[in-house]
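So the sequences go chain by chain: A and B.
In this text, residue positions in the first sequence follow my numbering: the first is 1, and each later residue adds one.
In this text, residue positions in the second sequence follow my numbering: the first is 1, and each later residue adds one.
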Amino acid sequence: MSESRITLQLDARDGEAADRGYQPGETLAGRHQVELARADDFRAVELSVLWYTVGQGEEDFGVHFFERHARYDQTLFEVGRTHSFSIPLPNSPLSYQGVLVNVQWCVRVRLFLPRGREMVEEVPFQLADIPSTASVDS
Amino acid sequence: MSWRFRPYGKKRGRRRTGSRQVGRLGEAFLSLLFLAGGSIALYQMLFSLILPEWRASRHLVEQSCHVIGGRVLTERSEDEAFVRYRVELQMRFQIDGQTYEPWGYEIKINRVYFDTAEEAQQIVDRFPADTERTYTCWIDPNNPEVAVLVRRGRWWLWLLLLLPGSFVVIGGGGVIYTLLHSSTSAERRAALAKKAADLDLFEETPAGSSAYPHIPSSTQVTDSPGTELAYRLPINASRGWRLFGILLLVVFWNGFSWAALIVALNVDAGEDRVWLLVGIAPFVLIGLGILVMFVRQWMLVTGVGATRIEVSAHPLFPGSTYSLFLSQTGRLHVHSLEVLLMCEEEAIYEQGTDIRIATESVYQESIYRRQGFDVLPGVPFEDRFTVSIPPQAMHSFKSPHNEVRWSLLVRGDVARWPDYERSFPIVVYPLGGGSPTNDPARSRGDSP
Chain A
1 MSESRITLQL DARDGEAADR GYQPGETLAG RHQVELARAD DFRAVELSVL WYTVGQGEED
61 FGVHFFERHA RYDQTLFEVG RTHSFSIPLP NSPLSYQGVL VNVQWCVRVR LFLPRGREMV
121 EEVPFQLADI PSTASVDS
Chain B
1 MSWRFRPYGK KRGRRRTGSR QVGRLGEAFL SLLFLAGGSI ALYQMLFSLI LPEWRASRHL
61 VEQSCHVIGG RVLTERSEDE AFVRYRVELQ MRFQIDGQTY EPWGYEIKIN RVYFDTAEEA
121 QQIVDRFPAD TERTYTCWID PNNPEVAVLV RRGRWWLWLL LLLPGSFVVI GGGGVIYTLL
181 HSSTSAERRA ALAKKAADLD LFEETPAGSS AYPHIPSSTQ VTDSPGTELA YRLPINASRG
241 WRLFGILLLV VFWNGFSWAA LIVALNVDAG EDRVWLLVGI APFVLIGLGI LVMFVRQWML
301 VTGVGATRIE VSAHPLFPGS TYSLFLSQTG RLHVHSLEVL LMCEEEAIYE QGTDIRIATE
361 SVYQESIYRR QGFDVLPGVP FEDRFTVSIP PQAMHSFKSP HNEVRWSLLV RGDVARWPDY
421 ERSFPIVVYP LGGGSPTNDP ARSRGDSP
């Protein structure tokens, strides 16, 4: 293999439109796979489900789910194998497209390589279906 | 996928932020500078001054002695430009039948020097040679030839360590912070912080907050029961703080400008007095303007009378309708009184070294309006109406730099008074988290 690669995807939901948001309490299911250029490149891999703000304000973020597999600890992580995850989603904060404030959800896989290098792959998703808002002229 | 070092910030909304990596490097450099400087100063003070003095004084043992002589010694600098004087006394004492007669006065490390020989001689004169008179001296038990008559402990020297110590703490803390941030991902740090917060047994977390993360607590509302409906809404306190801020400005601005005016009137400046007064006049006029603004605001707060809103249930949920009770006291002829359901976004961001706050109204609906009526003293105006939260409304949201907040805004147009506005924050929860009808907070809504 010429280079390291992360594959991350969410499972399709039966009978649901692809663009429909997940509902609070619904389970977010998907798979991820880490492939390495060299087998000993692997230091650690982290899977997280998080929200972050985008907009005029400083970025805030919160982690709903976090899982770390390091090479030298006891956690089992098989490089090259597809790993499934299934995570119940919280009640809040919901995805939101505002004027100054936007809340975005994503599932993120971060791969730690030798010499401080990192690779990140993320897949955004919607939590609930709140329509975008616009500014109100007072 | 990306692993490149990002020298510039990324585009965020309408602006571009600074690079976090460059910022972190700067922080690390500054922390290292503090740590290195503090450590060197701490080492020097501790090992060159404080510890030798402490060890020396702790090492010596008490011994009875007689003073049998005294002298003033002169010390010159190498170029003989500088001369100073010190005291030495000769002591006599016996240990195990052997007599010792060493010279000394005080521990070398905290030896006192005098500018003149006369000053040093005064000390010698205080200890006249007298074999009948007994003093307490301090000797080195391993070498009785080393003895002093004065053992001075300068406890305050330890306080000096606070200065380099604080540099070490600040610098060391900064280095640890930087190391933690560079060796762990932001997600991992956030997950650890969340775990730590969940373990905090002493933190008062409002009920339901763990089920609805990042939604402000509604306990401030539910702690205050209403007289007509379930809860009395608290009024937004920010206007009170604004009034206090204006008061401070009034006091300081007028204090300085009027003091300057009085000085200008009394000083003997001849023909220049006119120009002095012309220069000060704008400041006095601005001060009067601020005073008028403060009085106007103060009269609005105190003269219009109290506004009260009560709600049938709290927190509120999208798609539900709730009863409201409005009460307005005072002595007023009201042209119009309106209540609006409002939703605002607030973003806090840094611009240069300033911290700025941007606010934008994203939802505004008039839910009540009454025109042309009088409010009499002792007979408050009271009315009931309802508010419906839009079915697809965003819930209240609060994070360190971003906020979505809902409120009820009372807007009054009153005869002989400026228009006034009073805001009452409410908390809107999202739908979900189980059946709404099973939610005890929702069960009080009028039409779930």
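Glycine included, C-beta positions come from ideal geometry on N, C-alpha and C.
Residue from the options with nearest C-alpha to residue i
i: Asp130 (chain B); options: B:Cys137, B:Ile68, B:Glu145 and B:Asp96; result: B:Ile68
i: Phe61 (chain A); options: B:Arg189, B:Arg369 and B:Ile290; result: B:Arg189
i: His333 (chain B); options: B:Ile426, B:Val379, B:Arg151 and B:Thr321; result: B:Val379
i: Tyr284 (chain B); options: B:Arg308, B:Ile309 and B:Trp258; result: Reading the sequence as shown, one finds Val at residue 284 (chain B) and not Tyr. Per the Cα distances, B:Trp258.
i: Val150 (chain B); options: B:Lys195, B:Ala193 and B:Lys108; result: B:Lys108
i: Ala12 (chain A); options: A:Glu35, A:Arg68 and A:Phe125; result: A:Phe125
i: Ser39 (chain B); options: B:Leu157, B:Val169, B:Glu27 and B:Ala197; result: B:Val169
i: Lys455 (chain B); options: A:Pro88, A:Glu67 and A:Arg71; result: Not covered by the structure: residue 455 (chain B). The range shown for chain B is 1 to 448.
i: Arg31 (chain A); options: A:Ile6, A:Leu50 and A:Gly55; result: A:Ile6
i: Gly171 (chain B); options: B:Trp158, B:Phe317, B:Arg92 and B:Ala36; result: B:Ala36
i: Arg71 (chain A); options: A:Glu16, A:Gln56 and A:Val79; result: A:Val79
i: Ser166 (chain B); options: B:Ser31, B:Trp417, B:Arg416 and B:Gly240; result: B:Ser31
i: Tyr177 (chain B); options: B:Tyr429, B:Asp354 and B:Ala28; result: B:Ala28
i: Ser327 (chain B); options: B:Glu53, B:Leu233 and B:Asp140; result: B:Leu233
i: Glu75 (chain B); options: B:Phe47, B:Val148, B:Glu53 and B:Ala120; result: B:Ala120
i: Tyr420 (chain B); options: B:Phe397, B:Ala313 and B:Thr302; result: B:Thr302
i: Gly116 (chain A); options: B:Ser323, B:Ser64, B:Tyr368 and B:Thr184; result: B:Thr184
i: Gly319 (chain B); options: B:Pro430, B:Ala415, B:Gly305 and B:Phe127; result: B:Pro430
i: Phe397 (chain B); options: B:Leu89, B:Ala347, B:Ala41 and B:Val263; result: B:Ala347
i: Val54 (chain A); options: B:Pro418, B:Val410 and B:Asn402; result: B:Asn402
i: Ala186 (chain B); options: A:Pro88, A:Glu118 and A:Ser95; result: A:Glu118
i: Ser4 (chain A); options: A:Ala128, A:Glu121, A:Ser132 and A:Leu127; result: A:Glu121
Cross-chain neighbours of residue i in chain B, by beta carbon under 8 Å
i: Ile130 (chain A); result: Gln392, Ala393 and Met394
i: Glu78 (chain A); result: Here the premise fails: no neighbours, minimum Cβ distance about 21 Å.
i: Asp11 (chain A); result: The contacting residues do not exist; Asp11 (chain A) stays about 21 Å from chain B at best.
i: Glu46 (chain A); result: Ser185, Glu187 and Arg188
i: Arg155 (chain A); result: Since the first and last residues shown for chain A are 1 and 138, residue 155 (chain A) lies out of range.
i: Val68 (chain A); result: It should be pointed out that residue 68 (chain A) corresponds to Arg in this sequence rather than to Val. Neighbours of Arg68 (chain A) on chain B, chain order: Arg188.
Close Cβ partners of residue i (< 6 Å) along its chain, the five nearest in sequence each way excluded
i: Arg384 (chain B); result: Phe325
i: Asp439 (chain B); result: Reliability of the predicted coordinates at Asp439 (chain B) is poor, the pLDDT of 43 falling under 50, and no value is obtained from them.
i: Glu382 (chain B); result: Ser327
i: Glu204 (chain B); result: Its pLDDT being 49, under 50, Glu204 (chain B) is placed unreliably by the model, and nothing is read from it.
i: Gly208 (chain B); result: Per-residue confidence for Gly208 (chain B) stands at a pLDDT of 44, beneath the threshold of 50, marking its modelled position as unreliable; the derived number appears in the next sentence. Taken in chain order, the list of residues that qualify is empty.
Status (buried if at least 16 other CB within 10 Å, exposed otherwise) for residue i
i: Arg242 (chain B); result: exposed
i: His395 (chain B); result: buried
i: Trp105 (chain A); result: buried
i: Trp406 (chain B); result: buried
i: Val292 (chain B); result: exposed
i: His59 (chain B); result: exposed
i: Trp298 (chain B); result: exposed
i: Tyr43 (chain B); result: exposed
i: Thr27 (chain A); result: exposed
i: Leu300 (chain B); result: buried
i: Ile262 (chain B); result: exposed
i: Gln56 (chain A); result: buried
i: Pro425 (chain B); result: buried
Sequence-distant residues of its chain with Cβ nearer than 8 Å to residue i (five each side left out)
i: Ala134 (chain A); result: Val99
i: Ile290 (chain B); result: Ile246, Leu249, Val250, Trp253 and Asn254
i: Pro206 (chain B); result: Bear in mind that a pLDDT of 43 at Pro206 (chain B), under 50, signals an unreliable position, so the model cannot answer this.
i: Phe127 (chain B); result: Val67, Gly70, Leu89, Tyr135 and Leu149
Under 9 Å by beta carbon: chain B residues contacting residue i
i: Arg31 (chain A); result: Going along chain B, no residue has its Cβ under 9 Å from Arg31 (chain A), so there is no contact; the nearest lies around 17 Å.
i: Phe125 (chain A); result: Near Phe125 (chain A) there are no residues of chain B at all, since even the closest Cβ is about 16 Å away, more than 9 Å.
Per-residue contacts from residue i into chain A (C-beta, under 8 Å)
i: Phe424 (chain B); result: Here the premise fails: no neighbours, minimum Cβ distance about 17 Å.
i: Ala449 (chain B); result: This structure gives no information on residue 449 (chain B), because the portion of chain B shown stretches from 1 to 448.
i: Phe397 (chain B); result: Ser92, Pro93, Tyr96, Val101 and Val103
i: Val404 (chain B); result: Tyr96, Gly98 and Val101
i: Ala358 (chain B); result: Gln56, Gly57 and Leu100
Partners in chain A for residue i, counting only beta-carbon separations shorter than 7 Å
i: Ala347 (chain B); result: Gly55, Gln56, Gly57, Leu100 and Val101
i: Ala36 (chain B); result: In chain order: nothing, as chain A lies at least about 24 Å away.
i: His59 (chain B); result: The premise fails here: His59 (chain B) is roughly 50 Å from chain A at the closest Cβ pair, so nothing lies under 7 Å.
Cβ shell of residue i (< 7 Å), same chain only, five flanking positions each side left out
i: Glu16 (chain A); result: none
i: Tyr322 (chain B); result: Val311, Ser312, Ala313, Leu316, Thr386, Val387, Gly445 and Asp446
i: Glu464 (chain B); result: The displayed coordinates of chain B run from 1 to 448. Any statement about residue 464 (chain B) would go beyond what the structure contains.
Chain A residues whose Cβ lies nearer than 9 Å to that of residue i
i: Ile215 (chain B); result: Asn91, Ser92 and Pro93
i: Glu350 (chain B); result: Glu58
Neighbouring residues, chain B, relative to residue i (Cβ below 7 Å)
i: Val63 (chain A); result: Glu187, Ala190, Ala191 and Lys194
i: Ser84 (chain A); result: Ordered by position in chain B, no residue passes the 7 Å Cβ test against Ser84 (chain A), which lies about 20 Å from the chain.
**Item:** Three-pair Cβ contact test at 8 Å for the segment 79 to 97 of chain B versus the segment 111 to 124 of chain B
**Value:** Yes, the segment 79 to 97 of chain B touches the segment 111 to 124 of chain B.
**Item:** Any 3 or more C-beta pairs closer than 8 Å across the segment 46 to 60 of chain A and the segment 102 to 112 of chain A
**Value:** Counting Cβ pairs under 8 Å, three or more are found: they touch.
**Asked** Can you find at least 3 beta carbon pairs, one from the segment 364 to 377 of chain B and one from the segment 331 to 350 of chain B, that sit closer than 8 Å?
**Response** The segment 364 to 377 of chain B and the segment 331 to 350 of chain B touch, with no fewer than 3 CB-CB distances between them shorter than 8 Å.
**Message:** With a threshold of 8 Å, are at least 3 pairs of Cβ atoms found where one atom belongs to the segment 92 to 105 of chain B and the other to the segment 155 to 163 of chain B?
**Reply:** Note that the segment 92 to 105 of chain B does not touch the segment 155 to 163 of chain B; fewer than 3 beta-carbon pairs, one per stretch, sit closer than 8 Å.
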